[in-house]
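A.B. asks: Add 512 to the 1-based position in the sequence shown for the numbering used here, that's all there is to it. The C-beta atom is built at its ideal place from N, Cα and C for all residues, glycine as well. Quick caveat: nothing in here was measured; it's all calculated off a predicted structure.
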Amino acid sequence: MDISRRLGTLVVFGVPAVIGGGIVYALFHSYVSVFAYIIILLFVAGGLASK
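1. Determine the DSSP secondary structure at Phe555, reduced to helix, strand or coil.
2. If we call anything under 8 Å between Cβ atoms a contact, is Val530 one with Tyr549?
3. Quick one: what does DSSP say Phe547 is sitting in, helix, strand or coil?
4. Indicate the three-state DSSP secondary structure (helix, strand or coil) for Ser578 in the structure shown.
5. Run through DSSP, which three-state label would Ser562 get?
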């Protein structure tokens, strides 16, 4: 996978991080759960970008 595709994949995961983080905070009212969601999202994005 070339560098532009890797960067595109990581940019695409930025939107779910922002929107999803807001949804997770609205549901649980805790920043710890937001950080857990973002860490899981980073692992998924890293796994897809490393292919």
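C.D. replies: Looking at the coordinates:
1. Walking along the sequence shown from the start, residue 555 turns up at place 43. Phe555: helix per DSSP, three-state reduction.
2. As a position in the sequence shown, residue 530 is number 18, starting the count at 1. As a position in the sequence shown, residue 549 is number 37, starting the count at 1. When the beta-carbon positions are compared, Val530 and Tyr549 stay at least 8 Å from each other.
3. To locate residue 547, count along the sequence shown from 1; it is residue 35. Reduced to three states, the DSSP call for Phe547 is helix.
4. This structure leaves residue 578 out entirely; the chain is present only between 513 and 563.
5. Working through the sequence shown from its first residue, we reach residue 562 at position 50. It is coil, neither helix nor strand.
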